[in-house]
Each structure stands twice: as C-alpha cells, then as structure tokens.
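Asker: Just so you know, the UniProt record's numbering puts the end of the sequence shown at 1187, numbered straight through with nothing missing. Heads up, the beta-carbon is just placed ideally off N, CA and C, and yes, glycines get one too. Just so you know, these numbers come straight off a predicted model, no measurement behind them. First, the structure itself, so that you have it in front of you.
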Amino acid sequence: CSSTDPPISSTLFPCSQLINERITPSHGELSARLLSIHSDQDLILVTFKTFEEIWKFSTYYSLGFVGHCLENLLLDQLFWLNNLDDEDVRIEVQTNGESLEIMWKGLLLQDGLFFARCPLNLQKCEEVDLELKPNDFVVVADAKPSSKWAGHSLFSGKKGLLPKSCFQSKGSCIAMVDYEGAGLEELSFQIGHKIEIIGLLIACMQWFLGKNETSGKIGFVKTNHVRPKDFTPLTNDLLFIDEAESSFFTEQEKFNEEDSMKLLKQLTRTDISNVYQMGESTSQLKGPINSSEGTQCSISNNRSQATRKGSFVADNDSTLVSEEAEEQCFCINHTEGLDNPETFYPLLLFLNIKGYSKHFKKLYDSCFSFLKSTFHGYSDEEEVVHYLEVAREAARKQRMQWAQTRVCLLLGRMCAKKHKFSQARVYFEEAISLLKGEFADLFLSIAVYTNLVATYLKQNNKEKCTSVFEKIAALLLGIPDYICSTDMESEILKYVLRHAVLNKNQIVEARACFLLTKLYIHLQQYEDALPFIERLQFLKNSFMVGNTTSLDFHFSLGSLYSQKCLPNLALSCAKLSCSQHGRTLVDCLKSTNFVMIDASKLCGSGGAIHVIPTQVATYLKRALTLASRPEQDNICRTIYLSLSEIYKHHKVYSKAVLYMTEAINTEASVGTEEVIDAQISLACLHILNSQPSKAIVLLNMLLEYVRDSPVQRGVVYNMLAIAKRRVNNVKEAAENYRQALSISVETGLKFNQAIAQANFGFLCLWSKAYSLSEQLILKSIHLFSELPNVTSDENFIHVLIVLGQYYIDQQLKDKGIFYYEWALLIALKGNLIESQVQVTQLLCQFYSSDFPNEAQCIIYNEFLLSLTRKLADKEQEGHVLQNISQLYLSLGTERAFRSALEYTKRSLGIFIDLKKKEQEAYAWLQAGKIYYILRENELVDLYIQVAHDAAVSTEKLDFALEVFEAAGDVFFNGSWEREKAISFYRDRALPLAIKSENTNVELRLCNKLTELLMHGKSYAEALEFAQTALALSVSLGNMLNERIAYHRLAIIHQSLGQCELAEHFYLKALSLCSFPLVFDEETMYYVRVYIQLGDMTFYNLKDPHDAAGYYHLALAAAMDLGNKSSQLKICTRLATIYHNFLMDREMSLYFYQKARAFAVELNIRRINLSPAKYYKAKAEMPSKSHV
1 CSSTDPPISS
11 TLFPCSQLIN
21 ERITPSHGEL
31 SARLLSIHSD
41 QDLILVTFKT
51 FEEIWKFSTY
61 YSLGFVGHCL
71 ENLLLDQLFW
81 LNNLDDEDVR
91 IEVQTNGESL
101 EIMWKGLLLQ
111 DGLFFARCPL
121 NLQKCEEVDL
131 ELKPNDFVVV
141 ADAKPSSKWA
151 GHSLFSGKKG
161 LLPKSCFQSK
171 GSCIAMVDYE
181 GAGLEELSFQ
191 IGHKIEIIGL
201 LIACMQWFLG
211 KNETSGKIGF
221 VKTNHVRPKD
231 FTPLTNDLLF
241 IDEAESSFFT
251 EQEKFNEEDS
261 MKLLKQLTRT
271 DISNVYQMGE
281 STSQLKGPIN
291 SSEGTQCSIS
301 NNRSQATRKG
311 SFVADNDSTL
321 VSEEAEEQCF
331 CINHTEGLDN
341 PETFYPLLLF
351 LNIKGYSKHF
361 KKLYDSCFSF
371 LKSTFHGYSD
381 EEEVVHYLEV
391 AREAARKQRM
401 QWAQTRVCLL
411 LGRMCAKKHK
421 FSQARVYFEE
431 AISLLKGEFA
441 DLFLSIAVYT
451 NLVATYLKQN
461 NKEKCTSVFE
471 KIAALLLGIP
481 DYICSTDMES
491 EILKYVLRHA
501 VLNKNQIVEA
511 RACFLLTKLY
521 IHLQQYEDAL
531 PFIERLQFLK
541 NSFMVGNTTS
551 LDFHFSLGSL
561 YSQKCLPNLA
571 LSCAKLSCSQ
581 HGRTLVDCLK
591 STNFVMIDAS
601 KLCGSGGAIH
611 VIPTQVATYL
621 KRALTLASRP
631 EQDNICRTIY
641 LSLSEIYKHH
651 KVYSKAVLYM
661 TEAINTEASV
671 GTEEVIDAQI
681 SLACLHILNS
691 QPSKAIVLLN
701 MLLEYVRDSP
711 VQRGVVYNML
721 AIAKRRVNNV
731 KEAAENYRQA
741 LSISVETGLK
751 FNQAIAQANF
761 GFLCLWSKAY
771 SLSEQLILKS
781 IHLFSELPNV
791 TSDENFIHVL
801 IVLGQYYIDQ
811 QLKDKGIFYY
821 EWALLIALKG
831 NLIESQVQVT
841 QLLCQFYSSD
851 FPNEAQCIIY
861 NEFLLSLTRK
871 LADKEQEGHV
881 LQNISQLYLS
891 LGTERAFRSA
901 LEYTKRSLGI
911 FIDLKKKEQE
921 AYAWLQAGKI
931 YYILRENELV
941 DLYIQVAHDA
951 AVSTEKLDFA
961 LEVFEAAGDV
971 FFNGSWEREK
981 AISFYRDRAL
991 PLAIKSENTN
1001 VELRLCNKLT
1011 ELLMHGKSYA
1021 EALEFAQTAL
1031 ALSVSLGNML
1041 NERIAYHRLA
1051 IIHQSLGQCE
1061 LAEHFYLKAL
1071 SLCSFPLVFD
1081 EETMYYVRVY
1091 IQLGDMTFYN
1101 LKDPHDAAGY
1111 YHLALAAAMD
1121 LGNKSSQLKI
1131 CTRLATIYHN
1141 FLMDREMSLY
1151 FYQKARAFAV
1161 ELNIRRINLS
1171 PAKYYKAKAE
1181 MPSKSHV
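Following this line, the structure appears as structure tokens:
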C-alpha cells in the first residue's frame, strides 16, 4: 500500500499493524487470508486457499475496493475531518501481479488438469507443425510462469496456442445459402434474401432470431448462413437493448430528493430548545482520567435509524407494458357442469389473442401470479389443474390455437411445480407444436421454450435439450425485457456466459451478466446475483472506459453488499459511485445514506445509527457544491447543520461553530422554532469552544424571543448559567440556575428538573458549599431514577460519577464505590461504551490507590481492555495491557508471571505497530525482567538488548539513560547474577549520565556500583565510585547520601585493612546523623556502627581502652532502644575487655552479671570465648554495618 501524499503516509503506516483484530475481518470480506503486516515496508501479506478466494480478491482489487476498505480501517475519524478538503487523500493499493499469477495457477493445478478452448484464429506451436481445428478443446498440462501454456488437443492429441475472435451486431444481413427450415420454428430462405435481425446476432452462438423480409416470416437462423449488410455493431451503448432495460437498476435504487431531506433531518434533529444541558462539575475542572476539556454541554439528538431506500426489492411489475387496465379474473366453480363449453368461453376468448397482451404477464411469470390474480373460487391447486385440463380440451375442439397453447403452458408449469416432469414435458411439447413456428407472441415463445428446456434439464435428457438449448439461448439474450418464467433460465444464461467467456466476447459477457443479475433480483436471490453484477461493473470499467453513457452499478452492488453484512465493501461502492463523473446531488446524498448504515455496522451497532461517521462529511461537502440553485437553500441549510453536528461530536468545535453560523445565515424558509434551535445550538457551541462571552451575548438576545415559551426560556437560563460559570460570575450563574430550576418545576418536566438540580449542585461543589451540593445532587439522582429510559442518558451517569468522586474525596469510600458501580450498571444497560470506559477507569484507580485490592483491580482492568478494543483505541489498549501485566507481576506466583509475560508481549506488539519507541523499549525491558524472574536466561539478554536498541533509536539521552539504568536494575534488584548489573551501570548508563550532566542519576549509579562491587569484594574499584558518590553528595547538599557514602567508604577501608581511615569515615557518618534521634532505625544504626568501631579498634588496632569507649556508646544506644540482644552482645564484650585487658574486676563482674541476666531472659546459652580465640574469629570475618 502507498499513499499519494508522503506526509499522510508517515502518519498512516504507524497504524497499519495495530489493527490486526480489525483488519482480519476486513480481509475476510475481501476473501483473503492475512499472513502478516510489515509497516516499515508498507506491505501486507495475504494468501488464499482456494481458487474461489483468489478470484474474488482479484475482482475486488480490479473494482478498486481494496484501497477503500483499508481506508476505513487504517484512517481514524479525525483524519477524515482534518483532510476533508483534500480529495487526493486516499490509499493506493498495488499487488505483486507475478506472485498473484503464480498463486492462482498453482491453485488451479491443484484441482487437476483444466481445459481451454481454441477459437477461430490459430497458431502453430514451435514443436508441432499441425494446427488446431476451430473450437478444439485443449487439456492444459504446463502452466509455469516462465513458459507458455502447453497442452494437447482432445481431438488430435497435438499441441497449440489459444488466440481469440468474436463479433456481435444488430441490423440486417444477407443469406449466403439456400436453406429449408428443419422445423417450423426455423426460417427458410434463399441466397440473397435480406434477413432482419431480431434482438442480437452473436458469432459465438449457433442461432439468432431473424425475419425474412421477402416472406415476412420469423424464425431461427444459423449464424454461419448469413453475411453482414447493414450491421450496427453492439457497443457499450447497446448493453441494454431498450429504455426499459437501461432503467432497471435505477428503478431498483429508489431514492429521491425527498428521501435525502428526510435522511438529513434525521441527522440534525435535536431537542436542544426543550431539554436542559448538563454543565461542568468540579471533577471536570480537576481533569479526571480521560475527561475532555470544556463542559459536557452537548446537543441531545433523538435520531431514529435511517432506512436504506436504495436496497433491492423484488419488482414484479417491470414489463414492457403498464398495468392500467383492470385485471380479468375467472371463477373456478365445480358446482357447475364443466362439460358445458360456454363455461370456458370467456377464458378461451381471453387466451386466444394471437399477439401479446399486457394481461398475459402474470400467466408467464415465475411467481405463478395467475393463481391469485387470474383464477379464484378454488380450494386447492388440483382444482385449477383439473379446470385447465377441461379448458384445454375445449380449446382443442374449438380449434383455438393460441388459447390451447397458453393453457398447455399453464398446465405444464403446474405439473413441473408438483415435480411431475414427464407430464409437464408432454404439455410443453404440445405447446411448441401448436405454435407452428410463429413468434407473434415472443414472450409466450420464450416461456414455452425455457420451461421445456428446464424440464429436459431436470430429466437429464441431454439429447433433446441440445436441440433447443442454443435457440432459447438466442431468444433470452436478444429479446429485451422478456418475462422470467422459470428459475432454470439461469442455466441457459450461464451457458451463454460460458460461450462469451471462451470467445472473450466482453460485450456479450456483459449482456449475459446483466440478464443473470436481473433474473436473480427478480427471484429475490440477491446473493446469487452478486458475482454477476460484480463482473458487470468490472467489464464496464475495463472496456467501457470513455463511454458517454452514465452506466454505473456501484449503488446496486453496495445494496447487495449491505444485505450480506459486508460494510467495508458497501462503503467502497458508495465512495466509488460518488467519485464518478456526472454525479448529482441526490447521488451524493444517497452515498451519505450508505455510509450512515454501513459505517454503523463496522462499529458493531448492527445498523443502528448512534454516531454520525465522519466519512459522511465528504459526501455532504460535495453535495454543497452541487446544491447551487436558490430552491435548494433548505437542503444547504440542512447539510450545514449536519456538518456542524459531525464536528461537534468529534470535539472540533471551531469548525462546528463555522458551519452552524453558515446554516443560520442561509436564506432558507424555516420556521421560528428551527431558528431558535439553531441559535441555541450556536450558543452551546460557543461554550464548548471556550467562547462563553459570545454565548452570553447571544443568549441574552434570545431571552427577548422566548418570553412566551416557558420551556425555551428555562433552557436559555440554564445555558446562560453555564456560560457565566465559565467566566467565574458565580452569583449570576446561581441566579440563572435558580430561574431554570423554578421554570422546570412549573412546567413539570422532570428531566429538566434533574439537570437543573445537578448543575446547581456542581456550582455549589465548586464553591465548596459541600453540604448544599450533596443535597442538590442527591435530589437530581432521585429525579433521574424516576425517569423512563434513563439507562440511555449519559447525564445521569455523569451525575453519579461526580457524587462518587465527592464521597471518595471525603473518605466515604463505601458510598463512593456504590455510586461508581451504579454508574457502570447504567452505562452497561444503555450500551454506552465511552461512559463505561470512564467509569471503569475510575474503578481501576479506586482499587489500585484509594482502596488497594489486586483481584478487583485485575477484573476491572480486564473489562477496560475489552472496552478499548471496541473503541479501537490501540494506544490506550497498550497501556491497559501494561497495567494488567504489572498487577499479575505483583502476585508473585509463576502462573501470574506467565500471565504478566503474555500481556506484556501483547502491549509490545501494539507499541511496535504504533511506532511508540519509548513505550516499546519499556515493554521489551518488562518482558526481559519477567524472563529473569522465570530464570529463562537465554531470553533475558536478548530482550534487554532490543530494549537498549529501541531506546537509542529515540535519540533522547535522558530516555536512553533511564532505560539503561532500568536494565541494570533488573539484575540489581534480583537474587541471582547481580554482577551483570555492573556492565549496564558502569559501561552504558554512567557515561550517558556524565554526558547529559545529570548529577542525581550519576550519584545514584555510583551508589549502586559501590554496593555491587563491595558485594563482589572488588574493594579497590568500589573505593573509586564511593569517593565519586561522596563528592557528588557534597556538591548536591544531600546529607543522607553523604552519610551513606562515608559509611561505605568506612567499610571499604576496613576491608582493605586501612582501619584508621575506616574509623575516620565511620565517625564522619555518625556526625551527620540528626539529633535527637527520633526513629528506632536511627538508634539501631548507632548501635551497629559503635559495635563495629569497638570491634575494629579492639581486634584490628589493638586498643582495648578506645574499644571499651565505643562499646559503652553502643550500650547506651541499645539501652535507649531497649534492644536486649544487642545489650547481651555488648555486655559480653565489655566483660571480656575489663577482665582480660583493663584489669577491672568490678566492672568485669558487673557486665558478666548483666550479660548472664540477658541470656537467661532471652533463653540463650552463654558461650565463653577466650580473648585470643575471639580475636581470631573476628579477625578472620570482619563484620559490616548497613545503613
């Protein structure tokens, strides 16, 4: 696929993969099977499993439907609005013709050998000298792309090639031979006789119907017995032989200007002058999740479902004659004697007309209409058959040839209806013999011949069928607007179609397709008609290019596609038809009707119109250019109103204001009510467009015009209050709300009362009059709940949401969740998808932060996911998938980790399709993290590396730095292979942090590297990063990180055997602690550090006196903390020092006794170690203190 505009292509193709769920059903419509989508190459790969699939797809591609179907999928609603004035914006689709040819040949060969017909012009094969005879059939054995098709003749066994030749005409011709007709129906003539062609002469058919101008007789003539004289070649202008045929499709598509106006008024119908509008709430001012900017003021439309006027309806009245005269009807009364010939005289007299009468139509048609219109007074059809049998005998006795013929036709059809084909054949053959080769009533001849052939086909009587098949085929093809007498006519017409295809005669092929389409539509078999009208449109496009006639079958095709629930194809037909040269205003409005119906099917609403699709705007704007006459001002006004409504719905308020202003300024004859509606709508649009001052001026003017209408006055007061609230005029807004509420109470309109109470409550809530606002909103909810059909009102849902948010803010969580869930139930019952999304987002937020509940949060996020799919909001769907992944990840089980991985991968696919590189990088990283948790080592590095590449491709240093650090965190925060984080921090993240001069991140990375290197006992390297962390902490004035840096430096120096420096840094770390100590953790830190200092001084520096001092400080902190296990440890060490080194027996005894008391209390067996042994143990394993 490629777009005609490069900038548009750049915005289009990020979306080409993201709609995999939507594009697959579309390819189902196009009869293709989706393999993959490569957005970076503008490429969609499809395949086919059957020859029928590839044939259908090729047809749709040739008709230009594929590109339009992709437009409906890949381009969103706002795109059409933004590019409304650019008629060149479209998707052009190109296929790989060579691959398609290889595929269809392969599918053809899969079914075995196939046949090809050799026409008149012949060529020799390179290997074979013998030529093929005309009309030889060849079995194709080699259909490789690189070679010519080769095969052998069924007659000679030799090889040959297949050229083409055919012709067709009207007019007259000259006989080249003397010919005596073999039957009464065949025409006799001599050389040189001039024969007038009746209908069509077609070279690929054996017979045609002609009239010998010398004898005046009519009969069948063999095509090869004549030569042209006054031929009129059959061109595309003569696809329809007469005017009645050419108007067939137009009659089926019954749609006029009145229907157009009715449709547009449905689009613009509004109750804005009678119904109050909802104002803004405090939640909207705060900007809740997915809340739109501005007010929720919207015009409430009550549109009824538009009815398709252009759909096919069986038309049984399309004949050459009208039905003006009164129908003749005959009573079948068996109480009277049927032996009396006078009983049948009126019937026989009626049937014995030599030519065709308009009253015979119902005798010939396939619906057996004569059973209801021509005969009455019978209880079952057997009485009719018996009555006709007696009438036939009466006609025979009275030698009424034409009456007997028509009665035989009726009897044969009645027998065939009862599946008595042998008896039916007898009647039909008798009818042919009675005709005696006369064609005075062509429709009678066609009816007799077609019913006889149908009977032969039912009996599989090929010998007799062959003798008349070609003749009736010539009649059906050449006689205009004949009456369909049996559904088996389709077999005859398909035979003609096969002849035309084999001879590559496109004109005859088009004629046969038209007749088959007409037949199936007459029989109401619309699905069977579809492939033939598709072929007819294809032939029109291919060989009627440049034709001056306005043949176009797109609307007919669109109607059939719509009936088959193929909305993408129906929309394509509407667009192609409207783009044809010479389209009229009504054609544009008819396209609007198609879009309204079929676009709603794409949204899954089953044809019910809830939202005006933006594709309608294209046809409405084109209709504006065609509505130039003064008497069309009313149509222009309605179109302007429709466009304004479309733009308003999609929140393009500036354009909506523009079109509404144009509608008001149009010089159309409208009533006062419509003028007021438009003015109020304009005021509402000004409010939505953040122009409240203009709305106030307009509404103040309207107050003068609506004095006599209380309801309209209340509407204006309500909207005026909304506007004044927007300019922070709270006092006047409250007064206007009071006026609106008073009027709604007086008029008894509960809905308006509910809206007024809610608006007043929102104003009080914004003014922090919480008690009053709660009362008003509760009254509003009470009024809403009493209204019928309240489930479809978004205003009620909005009020429930506002009250729920208010209660949650007031920490009344039970009440808040109650109103949230009530709002969700209303939205579900009314099938309001956008409202469901809004409420579900609030519920997800509630259960994630306000009242944490992982299970409920997962449930609502899963539901939100299904809603985003319905809205086709792929970016939001990706974010919801990420949220669900995080929720499963927090559960901590392997099964939950697997689920988290699945959701992460789905979000990853969406972000790749959207080309959202930042979200894509995080999704790759998240997947790598989950694989790390699952210990699938081979995939961890792969996913993290791809995340790095995606981050670098954004060319944003800060973002790349964030991703590099997060990649290291995967290992740093894990429980195994933590050393892998070093390379991410040191080699990737830290250089970027230094380059971008991000000191905070640099400090954080140095701290992490220090800890990792200390854990790996790489103390020398850890010392470098610890010193850097200290310098950065000092420069930033970050005392906490400075204390951590000193503490780590102390541990490193102690591990390196530099105890004096270690002591110095320990003391520096302690000096940065806040005084007095507030938290137990801080006190415990003192205890541990002083113990560490005591141990290091005693065992490493060999200074028992200083060590005792540090132990005393540790003991004081432990006593302040009340930590008995620490006191036991310290007392034991002090007792050892005083006993063995300081030689203070009294202090030694004191600390031993305290230690023994703590040991008893803690139920710990006291272990006595000699100083030398204790020293050795401590020297081998120096202890560490942690912050």
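Residue 224: which of 213, 208, 214, 217 sits nearest, CA to CA?
Answerer: 208
Asker: What residues are listed by DSSP as bridge partners for residue 1029?
Answerer: None, per the DSSP bridge assignment.
Asker: Rounded to whole angstroms, what is the Cα-Cα separation between residue 249 and residue 925?
Answerer: 60 Å
Asker: Quick check: the Cα distance between residue 874 and residue 500, rounded to an integer number of angstroms?
Answerer: 50 Å
Asker: Going by alpha carbons, who is nearest to residue 379 out of 193, 407, 342, 333?
Answerer: The shortest Cα separation from residue 379 among 193, 407, 342, 333 belongs to 333.
Asker: In three-state DSSP terms, what is residue 186?
Answerer: strand
Asker: Excluding five sequence neighbours on each side, which residues of the same chain lie with their C-beta closer than 8 Å to the C-beta of residue 355?
Answerer: 440, 441
Asker: Would you mind giving the Cβ-Cβ distance between residue 837 and residue 274, rounded to the nearest angstrom? I have them listed as a contact below 8 Å.
Answerer: Actually they are not in contact, since the Cβ atoms of residue 837 and residue 274 sit about 29 Å apart, beyond 8 Å.
Asker: If you draw a straight line from the C-alpha of residue 770 to the C-alpha of residue 1129, how long is it?
Answerer: 60 Å
Asker: Which value, in whole angstroms, describes the spacing of the CA atoms of residue 423 and residue 457?
Answerer: 15 Å
Asker: Taking the straight line between their C-alpha atoms, what separation do you get for residue 661 and residue 682?
Answerer: In a straight line, the C-alpha of residue 661 is about 7 Å away from that of residue 682.
Asker: Say whether the region 677-693 touches the region 643-660, bearing in mind that this needs 3 or more beta-carbon pairs closer than 8 Å, one atom from each stretch.
Answerer: yes
Asker: Check the DSSP bridge columns for residue 212 and list the partner residues they point to.
Answerer: 195
Asker: Rounding to the nearest angstrom, what Cα-Cα distance links residue 808 and residue 858 in this structure?
Answerer: 20 Å
Asker: Beta-carbon within less than 7 Å of residue 756's beta-carbon, same chain only, minus the 5 sequence neighbours each way: which residues are those?
Answerer: 276, 718, 737, 740, 741, 744
Asker: Have a look at residue 710 and residue 588 and give me their C-alpha separation to the nearest angstrom.
Answerer: 40 Å
Asker: Return the chain-ordered list of same chain residues with a C-beta closer than 6 Å to the C-beta of residue 238, the five sequence neighbours on each side being excluded.
Answerer: Low local confidence applies: a pLDDT of 46 at residue 238 is under 50, so the model's placement there is unreliable, with the coordinate-based value given in what follows. Closer than 6 Å at Cβ, skipping near neighbours: no residue.
Asker: When the Cα atoms are used, what is the spatial distance from residue 335 to residue 484?
Answerer: Caution applies to residue 335, whose pLDDT of 49 falls short of 50 and renders its modelled position unreliable; the value that the coordinates give is listed next. Near 35 Å, if we compare the C-alpha coordinates of residue 484 and residue 335.
Asker: Starting from the C-beta of residue 535, find all residues in its chain whose C-beta is less than 6 Å away, skip the five residues before and the five after it, and write them out in chain order.
Answerer: 513
Asker: From 516, 929, 64, 91, pick the residue whose C-alpha is nearest to that of residue 43; which is it?
Answerer: 91
Asker: What does a CB cutoff of less than 6 Å around residue 760 pick up in its chain, not counting 5 residues either side in sequence?
Answerer: 737, 776
Asker: Decide yes or no for the touch test of the region 933-947 against the region 960-978: beta carbon pairs closer than 8 Å, at least 3 of them.
Answerer: yes
Asker: At the level of alpha carbons, what is the spacing between residue 443 and residue 364?
Answerer: 8 Å
Asker: Name the two residues that bound the continuous alpha helix (DSSP H) containing residue 784.
Answerer: 770-785
Asker: Give me the Cα-Cα distance between residue 1108 and residue 972, rounded to the nearest whole angstrom.
Answerer: Using only the alpha carbons, I get a separation of about 38 Å.
Asker: According to DSSP, residue 175 sits in a beta bridge with which residue or residues?
Answerer: 226
Asker: Alpha carbon to alpha carbon, how far is residue 577 from residue 259? Give it in angstroms, no decimals.
Answerer: 18 Å
Asker: Kindly identify the DSSP beta-bridge partner or partners of residue 207.
Answerer: 222
Asker: Strictly by DSSP, which residues pair up with residue 331?
Answerer: 376
Asker: Give the straight-line distance between the Cα atoms of residue 436 and residue 185, rounded to the nearest whole angstrom.
Answerer: Straight-line spacing of the CA atoms in residue 436 and residue 185 works out to 7 Å.
Asker: Any idea if residue 820 is buried or exposed, counting beta-carbon neighbours within 10 angstroms, 16 or more meaning buried?
Answerer: Result: buried.
Asker: By Cβ distance, which residues of its chain are closer than 7 Å to residue 570, with the 5 residues on each side in sequence left out?
Answerer: 558, 561, 562, 594, 598
Asker: Judging by CA-CA distance, which residue of 680, 447, 1027, 33 is the nearest neighbour of residue 657?
Answerer: 680
Asker: Here's the rule I'm using: 16 or more other beta-carbon atoms within 10 Å means buried, otherwise exposed. How should residue 477 be labelled?
Answerer: buried
Asker: Roughly how many angstroms separate the alpha carbons of residue 462 and residue 211, rounded to a whole number?
Answerer: Cα atoms of residue 462 and residue 211: separation of roughly 29 Å, rounded to the nearest angstrom.
Asker: What does the alpha-carbon distance come out to for the pair residue 413 and residue 451?
Answerer: 7 Å
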